[in-house]
Amino acid sequence: GESVGLHLPTLSVQEGDNSIINCAYSNSASDYFIWYKQESGKGPQFIIDIRSNMDKRQGQRVTVLLNKTVKHLSLQIAATQPGDSAVYFCAEIRGFKTIFGAGTRLFVKA
Amino acid sequence: DTAVSQTPKYLVTQMGNDKSIKCEQNLGHDTMYWYKQDSKKFLKIMFSYNNKELIINETVPNRFSPKSPDKAHLNLHINSLELGDSAVYFCASSQDSVGQPQHFGDGTRLSIL
């Protein structure tokens, strides 16, 4: 079946360290991917996106990597801060539909 | 300025009742969505409207009926509420229907007693 999934349901990192959140997708026809951050009591918030004609995109403290060969997406957060604690979702866009992965909860230890 | 706003934020009601959730966006977007998020944080698309026209209608019981009076509003009416309807419902919008990030509201937590 088609799915967008995450390798780790929870990730705990020390403040100041780098975080890497991984995501696998199964549909090679998907051409657009987004990472969202969801804080407690809030809706998902756009972080960064990448289209299938790219393999890397950088934002402020965040980098998304796309490996189409193995259908893998990752989000790297540099110098993780307490405010980065949240649930992170990858999303795969196919035409009209956005398919969300199961989410990874990131804990940042002070 | 709230971009996507939903009301109410919390909704507690009894099984069998009918309830509505309202959503409005002031971003000038053409497309709006309803998602259901379960207790394990899994987000699933329910409906999507583009310029007031239904474009996505996932396998959702027909007790759920979306209504879009104009492209800035997408309301969700639920008839004969069941225990399994307990969840957080999110409204979202995007500039158009293909290949754009979505802006989400803060959710409506629906609890069925």
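Residue numbers (this note's numbering), protein chains in the order written: chain A, 107 to 216; chain B, 163 to 275.
C-beta: ideal position from N, C-alpha, C; glycine also.
Tell me the residue span of the beta strand (DSSP E) that contains residue i.
i                      : result
residue 139 of chain A : 138-144
residue 216 of chain B : 215-219
residue 166 of chain A : Counting along the chain, residue 166 of chain A falls outside any beta strand (DSSP E), and DSSP gives it neither H nor E.
residue 214 of chain A : 210-215
residue 121 of chain A : From DSSP, residue 121 of chain A is part of no beta strand (DSSP E); its letter is neither H nor E.
residue 244 of chain B : Run containing residue 244 of chain B: none; DSSP gives neither H nor E here.
residue 180 of chain A : 178-183
residue 187 of chain B : 181-187
Have a look at residue i and residue j and give me their C-alpha separation to the nearest angstrom.
i                      : j                      : result
residue 215 of chain B : residue 231 of chain B : 10 Å
residue 205 of chain A : residue 133 of chain A : 11 Å
residue 189 of chain B : residue 165 of chain B : 6 Å
residue 237 of chain B : residue 164 of chain A : 36 Å
residue 127 of chain A : residue 241 of chain B : 39 Å
residue 248 of chain B : residue 158 of chain A : 36 Å
residue 167 of chain A : residue 223 of chain B : 42 Å
residue 125 of chain A : residue 198 of chain A : 21 Å
residue 201 of chain A : residue 211 of chain B : 14 Å
residue 172 of chain B : residue 207 of chain B : 20 Å
residue 118 of chain A : residue 135 of chain A : 33 Å
residue 195 of chain B : residue 180 of chain B : 21 Å
Within 9 Å (strictly less), CB to CB, does residue i reach chain A?
i                      : result
residue 249 of chain B : no
residue 257 of chain B : no
residue 210 of chain B : yes
residue 265 of chain B : yes
residue 183 of chain B : no
residue 192 of chain B : no
residue 240 of chain B : no
Leaving out five residues before and five after residue i in sequence, what residues of the same chain have Cβ atoms less than 8 Å from its Cβ?
i                      : result
residue 275 of chain B : 174, 175, 176, 177
Looking at residue i: is its Cβ nearer than 9 Å to the Cβ of residue j?
i                      : j                      : result
residue 151 of chain A : residue 138 of chain A : no
residue 268 of chain B : residue 168 of chain B : yes
residue 265 of chain B : residue 184 of chain B : no
Spell out whether any CB of chain B is found under 9 Å from the CB atom of residue i.
i                      : result
residue 127 of chain A : no
residue 166 of chain A : no
residue 122 of chain A : no
Take residue i and list the residues in its own chain whose beta-carbon comes closer than 7 Å to its own, dropping the five residues that flank it on each side.
i                      : result
residue 262 of chain B : 256
Residues in the same chain with beta-carbon distance under 6 Å from residue i, minus the five sequence neighbours each way, listed in chain order, please.
i                      : result
residue 239 of chain B : 182, 227
residue 250 of chain B : 199, 269, 271
residue 205 of chain B : 197, 199
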